[in-house]
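Notes follow once the structure below has been shown.
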Amino acid sequence: MPPPRIQYGRYNTNNGQFHVADIASKRFDYIILGGGSAGCVLANRLSANGSNEVLLVEAGKDYTPGNEPADMLDSYPMGASFNPAYHWRELQVRLSHTPSNSARRAAPRFMEQARVVGGGSSINAQMANRGSPLDYNEWEEKGASGWNWDSVLPYFRKLETDHDIQDEYHGSDGPISIRRVPREHWPEFTHAVSGVLTDTGLAEVPDQNGLFEDGWFRSTISNKDETRVSASMGYLNTDVRARPNLHILPETTVEKLTFSGRTVTGAVVNRGGSRLTLQGGHIIVSTGALHTPALLMRSGIGRGAHLNEMGIDVIADRPGVGANLNEHPTIAVSAYLKSRARLGPDIGTRRHAQVSFRYSSGVAECGPGDMYVSVTAKSAWHAVGQRLGSFLMWCNKPYSRGRVLLNSAAPAAEPDVDFNLLSDRRDYERLAEGVHRMAGYFAHPAMAGITADAFPSSYSERVRRIGAVNTKNRILTNVLAAILDGPAPLRRAAIKGFITMGDTLTDLMGDEKRMEAFIRENVTGCWHPSGTARMGAADDPNAVTAPDGSVYGVDGLTVCDASLFPCVPRANTNIPTIMCAEKIADGLLAG
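The letter at position 318 of the sequence shown is residue 343 when you use the working numbering, and the numbering goes up by one with no holes.
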């Protein structure tokens, strides 16, 4: 039976209409599976050669230039981050390693992963952090030849237009706009925190992406004129979309890869219930660090014993597929912001986080700059979040590792994801010490007129449910906000009863067992999963791809997303992912 015919649209800037084409029998030079940050870069760079027929496939919606939703464009990012319209709604994960088998953490919980063209860059916090040269030198040490700092710096420069700094470390004509919020647009909370950090020994670093010392700095953001600049906005602009050799197929899920022997020939996809087989000369998997290993395993590439358990024929026995799951474990300390310290409507920015800082914990073998903190003057989109300032802290150099397995061979089944956070004791110890450190910052005399009633906080399941953008939560948080603005005893009771569920900073810092129980119960990740199809040397049995992204054991298949990272950088992962895609694209174009 011939494959079903399907029609799809390609945006045309000349008349605003959609050209309709039949792709059931077309053979593409490149098929990119996944339209996230990496996929957008690859689609742009590979289609720049007019002789390449390029197809980009994405499970989520495609918001064309000028039609992006307001929350996606907003300089305050958390409305988009927690909008269910942009998520994989069935994805469940386990987070913390809990030796006590705590019932509160035994069940998987929802995790926000972007399902939209632009991927995470369309809904993330817009942090444009590269990481440390130490990270990329370690990549090379782990077998990713050609990925040391000197080799990746040109691609960091290539992707960006830095509007504040012009030097040998920064680009001036790349697709992603980079800037920093000027001091005159900081709320009083941010000014106070910068003074406290300086007073307690952390110097100001003028450029977090060019000078890699400990200190505090204005956060670099992928933002221009108070507007998000996602990978889709930067790399798939109107001119790029008008290329006749670039085709975008949104709202289409990938079921599995197809093979002739060990050569990948295409993919089976599903669009609106219609299944068809795409044919391509080279297939690139860019579906993210959780879905990429799942797609590889469903297609027969992975640990042979696990594939056999799932009833999947083994094409390539690669035990590293789904292993080495990296993430930055995070916890926070927050406080009530007095009205004059808040991020108000007339401040000049809607950005919730203007400064960040990094420091070295001193824990053995963790290296310099192993801890990172984002200072947020607004902790959620709703009225309660507007009244809370936070130190959101994470292990910048984590050592715990998790894994991704299949729950089922069924194409629609989400994978079994276990981050196994804090399984390495060093990660727990640094977060516990960090809680003491952050509490000390809030207790500094300079914060007395700015904040009150500091408390331990996290993105718990209760907070996640309240953080979903809907009318019910808007009403609920307006009521709770009014209580927080009331008398101090009532505010403290509300924080203890509704937010921390009985835990106080004094309790945690005075009781090591209680501290550990709180952190293990409440630790989350930073939405930075990576490492599940890592690059490595050909003789490394746990490496999934060669340093050029090609998958060991098969022909015609490349992986390009955060799955490739041998270890997660000391950074938010969006900019490193874009850098990887720039470098992989160059390699593909060079043949």
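Every residue gets a Cβ at the ideal spot worked out from N, C-alpha and C, and that includes glycine.
| Query | Result |
| --- | --- |
| Enumerate, from N- to C-terminal direction, the unbroken alpha helix (DSSP H) stretches of 4 or more residues contained entirely within the stretch 350-411. | 408-411 |
| With distances taken Cα to Cα, identify the nearest neighbour of His122 among Ala473, Ile544, Pro94, Gly143. | Ile544 |
| Can you tell me the Cα-Cα spacing of Ile603 and Gln411, whole angstroms? | 31 Å |
| What separation, rounded to the nearest whole angstrom, lies between the Cα atoms of Ala319 and Leu431? | 6 Å |
| For Asn597, count neighbouring C-beta atoms within 10 Å of its own C-beta (all shown protein chains included) and say buried if the count is 16 or more, exposed if not. | buried |
| Taking 8 Å as the threshold (C-beta atoms), are Thr355 and Cys551 in contact? | yes |
| Out of curiosity, what's the CA-to-CA distance linking Gly168 and Asp478? | 49 Å |
| Going along the chain, which residues of its own chain have a beta-carbon closer than 6 Å to the beta-carbon of Gly306, five neighbours each way excluded? | Asp54 |
| The beta strand (DSSP E) spanning Cys420 covers which residue range? | 413-420 |
| Kindly list the residues whose CB is nearer than 7 Å to the CB of Ser176, restricted to its own chain and excluding five residues on each side of it in sequence; keep chain order. | none |
| Would you call the stretch 555-571 in contact with the stretch 111-121, where contact means no fewer than 3 C-beta pairs closer than 8 Å? | no |
| Going along the chain, which residues of its own chain have a beta-carbon closer than 6 Å to the beta-carbon of Ile246, five neighbours each way excluded? | Gln151, Ala153 |
| Apart from the five residues just before and just after Ala128, which ones in its own chain have a Cβ nearer than 7 Å to its Cβ? | Since pLDDT at Ala128 reaches only 44, below the 50 mark, its modelled position is unreliable, and the value read off the structure follows with that caveat. None. |
| Could you give the first and the last residue of the continuous alpha helix (DSSP H) run that contains Val218? | 213-224 |
| Can you tell me the Cβ-Cβ gap for Thr496 and Ala314, rounded? I've got them flagged as a contact below 8 Å. | About 33 Å; that fails the 8 Å criterion. |
| Can you give the Cα-Cα distance for Tyr111 and Leu332, rounded to whole angstroms? | 31 Å |
| Use the C-beta contact count for Ser62: other C-beta atoms within 10 angstroms, 16 or more gives buried, fewer gives exposed. | buried |
| Output the distance between the C-alpha atoms of Ala73 and Ala606, rounded to the nearest integer angstrom. | 14 Å |
| Keeping to the same chain, check which residues put their C-beta closer than 7 Å to that of Asn126; ignore five residues upstream and five downstream. | Here the model assigns Asn126 a pLDDT of 49, short of 50, so the residue's position is not dependable, and the following value carries that caveat. Counting only Cβ-Cβ distances below 7 Å, and skipping sequence neighbours, we find nothing. |
| Would you grab the beta carbon distance between Phe480 and Ser364 for me? Rounded to a whole angstrom, and I think it's under 8 Å. | Actually they are not in contact, since the Cβ atoms of Phe480 and Ser364 sit about 19 Å apart, beyond 8 Å. |
| Measure the beta-carbon distance from Asp87 to Val142 and round it to whole angstroms, keeping in mind my assumption that it falls under 8 Å. | 4 Å |
| State buried or exposed for Glu439, treating a residue as buried only when at least 16 other CB atoms are found within 10 Å of its CB. | buried |
| If you draw a straight line from the alpha carbon of His195 to that of Ala507, how long is it in whole angstroms? | 45 Å |
| Of all the CB atoms in chain C, is at least one closer than 8 Å to the CB of Leu271? | Absent from the structure is chain C; it holds one protein chain and no more. |
| Exposed or buried, which one is Ser76 when buried takes at least 16 other CB atoms within 10 Å? | exposed |
| Excluding the 5 residues preceding and the 5 following Tyr484 in the sequence, name in chain order all residues of the same chain whose CB lies nearer than 7 Å to its CB. | Thr549 |
| Would you mind giving the Cβ-Cβ distance between Met97 and Ser147, rounded to the nearest angstrom? I have them listed as a contact below 8 Å. | 6 Å |
| Just verifying my parser: in three-state terms, what is the DSSP assignment at Ala228? | coil |
| Within the stretch 517-592, note down every full alpha helix (DSSP H) run reaching 4 residues or more, in order along the chain. | 530-534, 537-547 |
| Phe467 by DSSP, collapsed to three states: which one? | helix |
| I need the DSSP call for Asn162, collapsed to helix, strand or coil. | helix |
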